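Input: a single structure, listed below in structure tokens.
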Amino acid sequence: MKFVDEFRDANLARTLLDRIHRVCTSQWTIMEVCGGQTHSILRHGIDQALAGSVQLLHGPGCPVCVTPAAAIDQAIAVAQQPGVILTSFGDMLRVPGTTDSLLQAKSRGADVRIVYSPLDAVALACQHPQSNVIFFAVGFETTAPATALAVLQADRLGLANFKTLVHHVCVLPAMEFIGRSPENRVQAFLAAGHVCTVTGYEAYQSFCQRYRLPVVVTGFEPVDLLQGILECVTLLETKQVAVINAYSRSVRSPGNRRARQLLAEVFETVARPWRGLGVIDQGGMVLRPRFARFDAAAGVGVGEHGGSTTPPESDSDADQRCRSGDVMTGRIRPPQCPHFGTTCRPQRPLGAPMVSSEGACAAYFAYQSGSPINTTQAPNR
Amino acid sequence: MCLAIPGQVVRWLEKQPPFCEAEVRFLGITRRCNLSCVPEAREGDYVIVHAGVAISIVDAAAAEQLLATISMPEITAQFNGNPP
Ligand code: SF4
Numbered sequence: 030m031k032f033v034d035e036f037r038d039a040n041l042a043r044t045l046l047d048r049i050h051r052v053c054t055s056q057w058t059i060m061e062v063c064g065g066q067t068h069s070i071l072r073h074g075i076d077q078a079l080a081g082s083v084q085l086l087h088g089p090g091c092p093v094c095v096t097p098a099a100a101i102d103q104a105i106a107v108a109q110q111p112g113v114i115l116t117s118f119g120d121m122l123r124v125p126g127t128t129d130s131l132l133q134a135k136s137r138g139a140d141v142r143i144v145y146s147p148l149d150a151v152a153l154a155c156q157h158p159q160s161n162v163i164f165f166a167v168g169f170e171t172t173a174p175a176t177a178l179a180v181l182q183a184d185r186l187g188l189a190n191f192k193t194l195v196h197h198v199c200v201l202p203a204m205e206f207i208g209r210s211p212e213n214r215v216q217a218f219l220a221a222g223h224v225c226t227v228t229g230y231e232a233y234q235s236f237c238q239r240y241r242l243p244v245v246v247t248g249f250e251p252v253d254l255l256q257g258i259l260e261c262v263t264l265l266e267t268k269q270v271a272v273i274n275a276y277s278r279s280v281r282s283p284g285n286r287r288a289r290q291l292l293a294e295v296f297e298t299v300a301r302p303w304r305g306l307g308v309i310d311q312g313g314m315v316l317r318p319r320f321a322r323f324d325a326a327a328g329v330g331v332g333e334h335g336g337s338t339t340p341p342e343s344d345s346d347a348d349q350r351c352r353s354g355d356v357m358t359g360r361i362r363p364p365q366c367p368h369f370g371t372t373c374r375p376q377r378p379l380g381a382p383m384v385s386s387e388g389a390c391a392a393y394f395a396y397q398s399g400s401p402i403n404t405t406q407a408p409n410r
Numbered sequence: 235m236c237l238a239i240p241g242q243v244v245r246w247l248e249k250q251p252p253f254c255e256a257e258v259r260f261l262g263i264t265r266r267c268n269l270s271c272v273p274e275a276r277e278g279d280y281v282i283v284h285a286g287v288a289i290s291i292v293d294a295a296a297a298e299q300l301l302a303t304i305s306m307p308e309i310t311a312q313f314n315g316n317p318p
């Protein structure tokens, strides 16, 4: 191998771990926001290696997990209409709506297809002028620029058969939701590195000061995570309330200017229900009125199987046994859910965090028996 | 879907936003990606790609180190929309 495997270097990881343990005079509670970080932490046993010094709580940064059941019902209702090709990311297909998943709708004959990018859905619409190609758009500020580009491309091409069901969500309002909760236990946040690549981290300054919570922008590899955690505990131990960028190889303070412009051009932020959490102020993105003709919810009507295509106003339809809200706000860890590993397993999930490749419950199920700091395994990307 | 993959810009195909496109190589796999958010990227540069859209340019050494930890099946699974 040409380059030293620096980001997974076991010796560097041990050095960082030792420093974290030395710096900590008591145990700190830190939340990583992004589901990709959660999987990396569990996969490499970082949570266990930090025991006694840092307790990691796993935040709401899994877009599949926070998409309301009613939004999935809506996508199924759209998919069941004649002449519709419904497209989405692979993770969305197995997530249960009120009663069904998109995969079940597909097995009943709906034309549901997995795409890697919303731009692939635009290409599909060009190839199938007789069909309505709908992209079920979920994800944070990382994937939203791709949906914005898809809408702009469809607009430029004058495509009448491409539409989207937009359920994009914004990270910072969810952190505010946790920060202002009277039950909040989080003492500092590891912010999601790739979201910050798009949004930058200027907006985190006022959040950090308002809630007196330090924020460290952090990457995804084991060494990235340990570096972010070390910065975090150093701030906590020295009683500093600040925002630090520990992922400077990808993140700049203003973020990606063009990606931010795309988001501002195509979307506006609104209050949206998050699965398990309830309505979050400014927590969602919807199409601006000038792009309303690309809104599948407005254009297609009501599904023939009775499902409503009205956007969900609440999240009262998800399985009430699922404790995902408690997991995503750090009130419990997945194994403390009474259904974990029994009535809820990846093959028969009760809730979305057990389905998604970024969900905390799936991460515990897959890696909980893992040994501390395993740097030889393949990474979780 | 939130997971990013680093790739190397092989060849620009189109420079007009929102259609800015280039061929980007991820280990052995080459794919068309949208570079509207990083129009300053040059052939040979490494970019971080999310859902088909490059969101940043990263240092070559850092990208290669990262790529060395990713396997081909993981990249294929991403492109097929089935992240592991
Ligand atoms: S284990 Fe299952 S039921 Fe419990 S919180 Fe996780 S997804 Fe929900």
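Chains as they are written, first to last, in my numbering: chain A, 30 to 410; chain B, 235 to 318. The beta-carbon is built from N, C-alpha and C at its ideal position, and this holds for glycine as well. Because the structure is a prediction, the values reported are computed rather than measured.
How many Å lie between V93 of chain A and H87 of chain A at the Cα? 15 Å
Worksheet entry | The alpha helix (DSSP H) enclosing K135 of chain A, as first and last residue numbers | L131 to S136
- Item | Buried/exposed call for C271 of chain B, threshold 16 Cβ in 10 Å | Flag for C271 of chain B reads buried.
Chain-order list of residues whose beta-carbon lies under 6 Å from that of V245 of chain A (same chain, five-residue window excluded)
The residues L219, G257, E260, C261, I273 and A275, in chain order, have a CB closer than 6 Å to that of V245 of chain A in the same chain once the five nearest residues on each side in sequence are set aside.
Next item on the list: Answer yes or no: the CB of A98 of chain A versus the heavy atoms of the ligand SF4, is any distance below 8 Å?
Entry: no
**Prompt:** In this structure, what does DSSP give as the bridge partners for G313 of chain A?
**Reply:** A:V198 and A:V299
Shorter than 9 Å from the beta carbon of I263 of chain B to some beta carbon of chain A?
no
Every unbroken beta strand (DSSP E) within the region 52-104 of chain A, with a cutoff of 3 residues, ordered by chain: Runs of the beta strand (DSSP E) lying entirely within the region 52-104 of chain A and spanning at least 3 residues, in chain order: 57-63 and 83-90.
Can you tell me the Cβ-Cβ gap for F369 of chain A and P363 of chain A, rounded? I've got them flagged as a contact below 8 Å.
5 Å
Any alpha helix (DSSP H) of 4 or more consecutive residues that is wholly inside the region 229-263 of chain A: 232-240
For this session: With DSSP as the reference, please indicate the residues paired to I289 of chain B in a beta bridge.
Result: Answer is none; I289 of chain B lacks a bridge partner.
- Task: Hey, could you find the ends of the alpha helix (DSSP H) G359 of chain A is sitting in?
- Result: Unbroken run through G359 of chain A: none, as it is neither H nor E.
- Short CB-CB distance (under 9 Å) between Q312 of chain B and chain A: Under the Cβ distance rule, Q312 of chain B counts among the residues neighbouring chain A, one pair being separated by less than 9 Å.
Cβ-Cβ distance between T127 of chain A and A104 of chain A below 9 Å | For T127 of chain A and A104 of chain A, no; Cβs fall outside 9 Å.
Exercise. So, is the C-beta of A288 of chain A closer than 9 Å to a C-beta in chain B?
Worked result: yes
Q. By the 10 Å Cβ neighbour count, where 16 or more other Cβ atoms means buried, how is T372 of chain A classified, buried or exposed?
A. exposed
| field | For H196 of chain A and R304 of chain A, the rounded distance between their alpha carbons | value | 11 Å
Is any heavy atom in the ligand SF4 found nearer than 8 Å to the beta carbon of G380 of chain A?
The answer is yes for G380 of chain A.
Margin query: Could you give the first and the last residue of the continuous alpha helix (DSSP H) run that contains Q156 of chain A?
Written below: P147 to Q156
Q: Have a look at the DSSP bridge pairing and note the partners of N274 of chain A.
A: A:V246
* DSSP puts H284 of chain B in a beta bridge; with which residues? -> B:V287
- prompt: If you drop the 5 nearest sequence neighbours on each side, which residues of the same chain put their C-beta closer than 8 Å to that of I402 of chain A?
  reply: Since pLDDT at I402 of chain A reaches only 41, below the 50 mark, its modelled position is unreliable, and no value is offered.
Task: Distance, E308 of chain B Cα to C53 of chain A Cα - done: 36 Å
Is F296 of chain A near the ligand SF4 - that is, is its Cβ less than 8 Å away from at least one heavy atom of it? no
Range covered by the alpha helix (DSSP H) that runs through C254 of chain B
Run containing C254 of chain B: none; DSSP gives neither H nor E here.
Q. Between the beta-carbon of D129 of chain A and the beta-carbon of V384 of chain A, is there less than 9 Å?
A. Not closer than 9 Å, so no.
Q: Please go through the same chain and pick out, in chain order, the residues whose beta-carbon is closer than 8 Å to the beta-carbon of P273 of chain B, but skip the five residues on each side of it.
A: Spatial neighbours of P273 of chain B in its own chain (CB-CB distance under 8 Å, excluding positions within 5 residues in sequence) are listed in chain order as K249, P251 and C254.
Notebook entry, point to check: Between the region 262-270 of chain A and the region 149-162 of chain A, do three or more beta carbon pairs fall short of 8 Å?
Noted result: no
Grab the span of the alpha helix (DSSP H) containing D120 of chain A for me, first residue to last. No alpha helix (DSSP H) contains D120 of chain A, which DSSP labels as neither H nor E.
Taking the alpha-carbon of S55 of chain A as reference, which of A:I49, A:R48, A:S82 and A:V62 has the nearest alpha-carbon? A:S82
Mind checking whether V95 of chain A and A221 of chain A have CB atoms under 9 Å apart? no
Next item on the list: Give the straight-line distance between the Cα atoms of I291 of chain B and H284 of chain B, rounded to the nearest whole angstrom.
Entry: 12 Å
| query | Is it right to say L255 of chain A is buried, meaning 16 or more other beta carbons lie within 10 angstroms of its own, or is it exposed? | reply | buried
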